Structures are given as structure tokens and as C-alpha cells.
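Working notes, structure below.
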Amino acid sequence: MEKTNIHKEEPITVLSKDLTSEDIKLYVESQAIQDNPRVKSIHHAYVQNSKIAHKLATCWEIHDEHKKEFHHYELEIFHFKKFSKKGWEYDCKYRIDNLDLLYKIHDFLDIIRNEKIDVAVFRNTIILDEREYRRLKEIEQKGPQVDDVLEDPQSYVELIRSGGVKLLKDSLRSSITERAPEELQQMFGEMTLNELKQLHSMSGISQLKNVLKIWDENRTNDSEEFWQRLFESNSWVISQIFSAPAVLLCEKAYVGGKRFDNKGGNIADFLYVNQLTSNALIVEIKTPTKKLMGNEYRNTFILSSELSGGTNQVLNYKNSIITNFNALVSDEYELIRFHTFDPKCVLIIGNYKDEIGDDIGKRKAFELARANSKAVDVITFDELFEKIQTMLRLLEGI
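Below, the structure is given as C-alpha cells:
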């Protein structure tokens, strides 16, 4: 196994203070070729470039001096600091002589950036949070369930019970890569109909519970981007709103509306389509913290500005997609992926229980307004996730 080293060198003064950033690049390149004749190609990029400090990332293509062919890459990061009297000085230099380490660091940062914190797998490395790690250790103590999961169909069910569908997924992911498709097909073919039904049911239950857990922990999350990402990853959740079968066609969908100067334009949060008729379904989301009702007015309550504004927003998207339909779709009719036969509009906003609860006045005003909103279906976040809770009860037989 190739050893990975990260080297850090001590500061040394190397250049005159009169040299530019381009001069520094040329110097580094000339020194590399002089010090190591195996360097055949050099790529530079400044990751920081200011008047008094430079960070220069340099990738060397190293060739085998005997075979005269490519051998490996090396990455060096030079940090130069400028002093008024001494000139440019190395503050430090890092060298990574196995880029696989760099790839792992990149994947790790991507995991953190995208908040994939439960279980993450990259380049044969698995990152678990503490809760999932304890589950895995429990399974390991019970016996060879993980090792034998592809040998015994019943072990799928046991693994889901013990550690959740995520651990099953990770075990499968690492094992499937080592097996031929024919072998996997035979394995699943040996499972009985009842075992397959049980596996499917438990996988669905785990997925429902995971989404409900996210909802319970984020009821007061006011980040629209957070909810956008959640529904992108679990598009089936919004599909439960519609009476007809619906599938996600596009998130952040452009529905027309740009001016002649290429400015403006309307972007709907989600564009679903009826799975049978291909008719468009437009979904706009806000957050659970947005208000549903406004102030009391003559023995009733008015709608909040967030609710009325969101309603007008999605209606504007509907008008835009109908008006600009011919410009949005292909000229080839058979390639058209959706139609706009009076598209259904949905606005997901607010939390009914937290805001309205048992207040009869607000409840009456909200339901009257919603019942008379023929063009836009308004559904609250807690109503949406209550649908998911109902599905979970049905699967669990409660």
C-alpha cells in the first residue's frame, strides 16, 4: 500500500520584494524542474493572491525515470509572505505526494458542506456519526450479520431491525461492487415473496421515520433553502399532496418571464407532472415559521402577507408557464415532457397547530379562505408531515 506523506517545510527567504506574482510562479516552476528532472508537466493556481501574501497551489506530473512514462501526481502549496525589507519569504510549504488523500479531503468537505451527517461513504471510507457507530458496534457484537448479509436473505431484515436501512445500504454498497450482476440476481431470486414484501415494507418504514425525525428536529427552521434541499432529496413527500400520481420533473424550474434585456424571470421551487397525463403541477414552498393569519379585522382575521404574497407568487408562475409554454418546450412534440392544461398550484407554508391550534376564530377564517382559494391549494408543513405519519401507521399496522 502506497504511503501518503504530507510534508511541511520551515520558512526560508527566497525572492526579491520587487517580483510580481507571475514572477513567483516562474521561479517555483524553474526550481521544481531543476530539483527534480522527473517533473514533466506543471499546473498552477493561486488560491490566495494579495499584495502581501500568496498561496500558490502547484500540481506536478511525475514520470518514471526508467520507464519514461507517467507515474503519479504531487501537489504542493506554497505560502509566500512579503516583508518590506526582506522581500518574499516562504511562510510554509505543504507537499502531498499521494493525491488520493486530497480526494478524500475534498469528499469529506463536500459531506460537511451538504450536511450529509448521518452516514457518508467515499473512496472506501465510511463516516458515521456517534449514534450510527454505536448501532454498528451492536450489530458486530451480535454476530457475522454484516459479513453474511448477501448470503442469507433473512439477514437483510435482521440488519434493518438492528441498525437501520442506512447501515444495510452501506453494507450492500461495499459488497455489490465485488459481485457479478448474475450473482446478485440469483440471490434476490431465491428470496420468497413474503421476504421481499417484508424487506420492502421495512425499508419504507425506515425512510418515513427518517423524514419525520428531520421534521421533528426542524419545526422552527426558517431557512427556505433547507426545506428546498429536503424536498429535493425526498421528492415523494410532496407527491403525497396530489390525488393523482405525480413525479418531480424539475426543482428551481424556470417558467419564463425574462424581459428583452435578459433580466427578471420566474423560478418555481418545484415542477411536478401528473404521471399519466403529463400535466404540470407547480409547487411553491415557504417555511414552517411563516405566518398564516394576520390581525383581527371586524370579528374575523385577515390572511398574513406571507400567505397572500405566496399565493400571488405561485399564480404568477402559473400564468408565466402557460404564456411561455411554446418557448419552454422543444419544437418536437414527441419530446415535450409536460403540458399546461390549467396547471394545479400548491403553496406549502406555516404550521397550523403551532399558530392556529384551538383558536376557533383563526381556524374558521383560515379554512374559509382556503376553501375559497380554487386556484391554489394551501397546505401547512404540519399537515404535510401528518400525511407521512399516517402512511407510517398504515405500514406498521397501528
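Its first residue numbered 1, the sequence shown is counted upward by one per residue in full-length UniProt numbering.
Glycine residues also receive a C-beta, built at the ideal position from the N, C-alpha and C atoms.
A quick note: this is a predicted structure, and the numbers were derived from the prediction, not measured.
Span separating the alpha-carbon of residue i from that of residue j
{"i": "His-79", "j": "Leu-56", "result": "7 Å"}
{"i": "Val-28", "j": "Thr-58", "result": "9 Å"}
{"i": "Val-314", "j": "Phe-341", "result": "16 Å"}
{"i": "Arg-337", "j": "Arg-298", "result": "48 Å"}
{"i": "Asn-210", "j": "Ile-24", "result": "52 Å"}
{"i": "Lys-353", "j": "Ala-280", "result": "30 Å"}
{"i": "Pro-343", "j": "Leu-230", "result": "24 Å"}
{"i": "Val-273", "j": "Leu-249", "result": "6 Å"}
{"i": "Leu-19", "j": "His-72", "result": "31 Å"}
{"i": "Asn-351", "j": "Thr-220", "result": "9 Å"}
{"i": "Lys-374", "j": "Leu-271", "result": "19 Å"}
{"i": "Gln-31", "j": "Asn-234", "result": "53 Å"}
{"i": "Cys-345", "j": "Glu-225", "result": "20 Å"}
{"i": "Lys-85", "j": "Asn-36", "result": "31 Å"}
{"i": "Ser-243", "j": "His-339", "result": "18 Å"}
{"i": "Gly-309", "j": "Thr-390", "result": "30 Å"}
{"i": "Asn-372", "j": "Glu-296", "result": "19 Å"}
Residue i vs residue j beta-carbon contact at 8 Å
{"i": "Glu-306", "j": "Ile-267", "result": "no"}
{"i": "Thr-323", "j": "Gly-256", "result": "yes"}
{"i": "Gln-207", "j": "Pro-245", "result": "no"}
{"i": "Leu-292", "j": "Glu-386", "result": "no"}
{"i": "Ile-379", "j": "Leu-212", "result": "no"}
{"i": "Lys-362", "j": "Phe-301", "result": "yes"}
{"i": "Asp-222", "j": "Thr-289", "result": "yes"}
{"i": "residue 404", "j": "Gly-87", "result": "The requested residue 404 is not part of the displayed model; the chain covers only 1 to 398."}
{"i": "Ile-214", "j": "Leu-395", "result": "no"}
Enclosing alpha helix (DSSP H) for residue i [first to last residue]
{"i": "Val-314", "result": "305-323"}
{"i": "Glu-225", "result": "224-233"}
{"i": "Phe-381", "result": "381-396"}
{"i": "Leu-368", "result": "360-371"}
{"i": "Asp-354", "result": "352-355"}
Same chain, Cβ closer than 6 Å to residue i, neighbours up to 5 away in sequence not counted
{"i": "Ile-285", "result": "Trp-227, Asp-269, Ile-348"}
{"i": "Glu-65", "result": "Arg-38"}
{"i": "His-43", "result": "Cys-59"}
{"i": "Leu-392", "result": "Leu-208"}
{"i": "Ala-369", "result": "Leu-303"}
{"i": "Asp-382", "result": "Asn-351, Tyr-352, Lys-353"}
{"i": "Leu-196", "result": "For Leu-196, the pLDDT reaches just 48, beneath the cut-off of 50, and the residue's location in the model is therefore unreliable, although a value from the coordinates is still provided. Closer than 6 Å at the Cβ level, and outside the excluded window around Leu-196, lies no residue."}
Integer-rounded CB distance, given that residue j should sit under 8 Å from residue i
{"i": "Tyr-317", "j": "Ile-282", "result": "5 Å"}
{"i": "Gly-294", "j": "Ser-304", "result": "5 Å"}
{"i": "Val-376", "j": "Thr-311", "result": "5 Å"}
{"i": "Glu-76", "j": "Ile-62", "result": "With 8 Å as the limit, Glu-76 and Ile-62 do not qualify as a contact, their Cβ atoms being about 12 Å apart."}
{"i": "Glu-251", "j": "Glu-232", "result": "5 Å"}
Residue range of the unbroken beta strand (DSSP E) whose run includes residue i
{"i": "Phe-83", "result": "69-83"}
{"i": "Val-273", "result": "267-274"}
{"i": "Gly-264", "result": "No beta strand (DSSP E) holds Gly-264; DSSP gives it neither H nor E."}
{"i": "Gly-294", "result": "293-297"}
{"i": "Phe-341", "result": "339-348"}
{"i": "Glu-284", "result": "279-285"}
{"i": "Ala-253", "result": "246-254"}
Residues near residue i by beta carbon distance below 8 Å, same chain, minus five either side
{"i": "Leu-384", "result": "Val-237, Ile-238, Gln-240, Ile-241, Ile-348"}
{"i": "Phe-83", "result": "Lys-17, Glu-89"}
{"i": "Leu-328", "result": "Tyr-254, Val-255, Gly-256, Ile-321"}
{"i": "Lys-364", "result": "Thr-300"}
{"i": "Val-247", "result": "Ser-235, Ser-239, Tyr-272, Val-273, Gln-275"}
{"i": "Lys-67", "result": "none"}
Cβ-based neighbour list, residue i, same chain, cut-off 7 Å, excluding 5 preceding and 5 following
{"i": "Lys-258", "result": "Gly-264, Gly-265"}
{"i": "Glu-69", "result": "His-63"}
{"i": "Phe-366", "result": "Leu-292, Met-293, Ile-356"}
Below-8 Å beta-carbon distance, residue i vs any chain B residue
{"i": "Ser-30", "result": "Absence of chain B from the displayed structure is noted, only one protein chain being present."}
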